[in-house]
C-alpha cells in the first residue's frame, strides 16, 4: 500500500511517459501508451508460412520458422523503442517488448516444441561498454510468457566486429563471417533452438549465429527478432 501510494505521489511530479509519443502513461501501461501500442507497426508475418523473413534463410540453414514482430522504418517515431533499448541503457524495454511480442505470437503456435532460446551474443568488450546484451533482455520477456529456457552462454562471439549500420549487404556478410563459436555442441543434439536478436536486416548476423550449430546432429533452428528493417 505504501509503495503504491508513493509511486502515485511521485508520478504527479515525475510522470512516466510513453517512449514514442511522450505523453504521460496511465497506471498499468509499460513503455507505451495504449494508443501507441495499438499503432505499433506490426509485421504479422508469423501468420503466414513461407513469409519474407523465412525466405531470407532458405537454402542456408535448416529453418523451421522465422518472423519479426515490428517493422523498423527510417523516420518513424517507433524507432525510439530500439534506440532506448540499445543506446540509452533502458534494458527493461527489451523485457517488456519481449513479453508483448510473445503474448501476441503464442496462439499462432510459433513457440511450439522449442527447447531453448539462444540470444545472439555481444562480444565481451561491447557488452562491458553497454552493460548488457539487449537480445538477452528481449529473450527474458519471451521466457516470461512461454516458459522456454534461455541459454546465453552456449554461443560465444569470438570477434569484436564493427557496427552493421552503414554497411552494404556484402559488407554485412563479410563482417560477421565465422564470428561465433558454440560451446558443448553435444548438448544441442536433436534440439529445436530459437535464435533471438533485436533487428533483422539482411539476416547475416542470425545466419552467422546459426552457422555455429551446423555440425550438431538433428539440430532444428527457428529465428525471432523484435524488428525487421525496411
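In the numbering used here, the protein residues as written are 98 to 327. Built from N, CA and C at the ideal position, the CB exists for glycine as well.
Short Cβ contact (8 Å threshold) for residue i with residue j
i	j	result
residue 154	residue 300	yes
residue 203	residue 324	no
residue 243	residue 199	yes
residue 216	residue 247	yes
residue 173	residue 218	no
residue 245	residue 211	yes
residue 193	residue 238	yes
DSSP three-state assignment for residue i, whether helix, strand or coil
i	result
residue 121	strand
residue 242	helix
residue 173	coil
residue 145	coil
residue 133	helix
residue 103	Confidence at residue 103 is low in this model, with a pLDDT of 43, below 50, so its placement is unreliable and the value that follows should be read with caution. Of the three classes helix, strand and coil, the one that applies to residue 103 here is helix, per DSSP.
residue 151	helix
residue 140	coil
residue 113	coil
Neighbourhood of residue i by C-beta distance below 7 Å, restricted to the same chain and skipping five residues each side
i	result
residue 143	164, 202, 205, 207
residue 312	282
residue 286	313, 314, 315
residue 229	188
residue 148	142, 164
Spatial neighbours of residue i in its chain, beta-carbon cut-off 6 Å, leaving aside the 5 residues before and after
i	result
residue 158	307, 318
residue 320	163, 292, 303
residue 328	Absent from the model: residue 328. The displayed extent of the chain is 98 to 327, so no value can be given.
residue 191	182, 231, 234, 235
residue 122	113, 115, 130
residue 187	181
residue 288	212
residue 166	198, 323
residue 132	none
Presumed contact (8 Å Cβ cut-off) between residue i and residue j, rounded CB distance
i	j	result
residue 213	residue 290	6 Å
residue 135	residue 195	Contact flag wrong, Cβ pair sits at about 19 Å.
residue 251	residue 280	6 Å
residue 169	residue 326	5 Å
Same chain only: Cβ atoms within 8 Å of residue i, ignoring 5 sequence neighbours per side
i	result
residue 309	252, 277, 278, 279
> Which runs of the alpha helix (DSSP H) spanning at least 4 residues fall entirely within the stretch 274 to 314, listed in chain order?
Replying inline: 301 to 308
>> In chain order, what are the residue ranges of uninterrupted beta strand (DSSP E) at least 3 long that sit wholly in the stretch 199 to 247?
In response: 213 to 216
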